[in-house]
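S.K.: Have a look at this one.
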Amino acid sequence: MTNMTSKIALITGGTKGIGYAVCKKLCSLGVHVIMSGRDSSKLRKAVNSLKYDGHVIEGLLLDITDNESIHCARNYVRNKYGHLDILVNNAAIRVEQYGKAPSEQPLSEWLKTFNTNLFGTISITNALLEPVKSSPSGRIINVSSLLGSTTTHTHKDSYTYSDDFKSLPAYSASKAALNSWCVHLAYELRNTDVIVCSIHPGYTRTDLNDGHGDQDPEAASENIVAACLESDRTTNGTFLYNGKKLPW
Numbered sequence: 003m004t005n006m007t008s009k010i011a012l013i014t015g016g017t018k019g020i021g022y023a024v025c026k027k028l029c030s031l032g033v034h035v036i037m038s039g040r041d042s043s044k045l046r047k048a049v050n051s052l053k054y055d056g057h058v059i060e061g062l063l064l065d066i067t068d069n070e071s072i073h074c075a076r077n078y079v080r081n082k083y084g085h086l087d088i089l090v091n092n093a094a095i096r097v098e099q100y101g102k103a104p105s106e107q108p109l110s111e112w113l114k115t116f117n118t119n120l121f122g123t124i125s126i127t128n129a130l131l132e133p134v135k136s137s138p139s140g141r142i143i144n145v146s147s148l149l150g151s152t153t154t155h156t157h158k159d160s161y162t163y164s165d166d167f168k169s170l171p172a173y174s175a176s177k178a179a180l181n182s183w184c185v186h187l188a189y190e191l192r193n194t195d196v197i198v199c200s201i202h203p204g205y206t207r208t209d210l211n212d213g214h215g216d217q218d219p220e221a222a223s224e225n226i227v228a229a230c231l232e233s234d235r236t237t238n239g240t241f242l243y244n245g246k247k248l249p250w
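Take 3 as the starting number for the sequence shown in the working numbering and just add one per residue.
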């Protein structure tokens, strides 16, 4: 395990749900957290709530679908810190409606979903890659989903094998593509000190899931933070849930 004291972490989509819980957990471990979000009022409120509890945290206004916003975030991290120890790619959206058949989902929903869940994540990661590589133990943690496992989608005993979850083709495909990109990036960074992995946080009660799930965001954050702590390089380029490898 890696010592977290005095490390710097940036979490995208950090103002609520799993992202907020990850920020809170990392703060409790002594990490200097940069919470990012695209809504300034929500960001200020979330940061202040953790500062009130005595945590070291700052907010960074960031929209991962906006090139200028990404450019500003990169410059902020590079100029203020020079490196970044942990990047948690948590920001994601789900715009599809439960119950619709895949063929009924309009292309506009696919484009909007991929713009955030895949293209936005790739853009912010590429922008912050040099600061992460400048860390002696850089970590890039992609918050994915079991819905991104094509193998699991075909298992009839999986909760993903249902009408509800088969009505989320764009979200599922965006996470499958995210997992594929994780493998490619991990290969690129295989001879560096950076570890890249995808994490299934578990079926979590969040706004994205309309409040449904088997666990709260705090439980999900334990899984993600464990990956941030991991020093075993065999996890590079893997898809994990509670430390166990999942099928692609």
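C-beta: ideal position from N, C-alpha, C; glycine also.
#1: How big is the Cα-Cα spacing for Ser223 and Tyr22?
#2: Alpha carbon to alpha carbon, how far is Leu231 from Leu31?
#3: Please confirm whether Thr17 and Leu45 have their CB atoms less than 8 angstroms apart.
#4: So what's Lys2 in DSSP terms, helix, strand or just coil?
#5: Nearest CA to the CA of Asn193: which residue from Val24, Lys135, Met37?
#6: Locate the alpha helix (DSSP H) running through Glu190, then write down its first and last residues.
#7: Pull up the DSSP beta-bridge partners for Tyr243, would you.
#8: Quick check: the region 118–128 against the region 234–243, are at least 3 beta-carbon pairs closer than 8 angstroms?
#9: Between the region 92–102 and the region 48–57, are three or more C-beta pairs nearer than 8 angstroms?
#10: Among the residues of its own chain, which have a CB less than 8 angstroms from the CB of Leu130, if the five just before and after it don't count?
#11: Which two residues bound the contiguous beta strand (DSSP E) that contains Gly61?
M.R.: Put simply:
#1: 9 angstroms
#2: 10 angstroms
#3: yes
#4: Outside the displayed range of the chain (3 to 250) lies residue 2, so it cannot be described from this structure.
#5: Lys135
#6: 171–190
#7: Lys246
#8: no
#9: no
#10: Leu12, Ala75, Arg76, Val79, Leu86, Leu89
#11: 59–63
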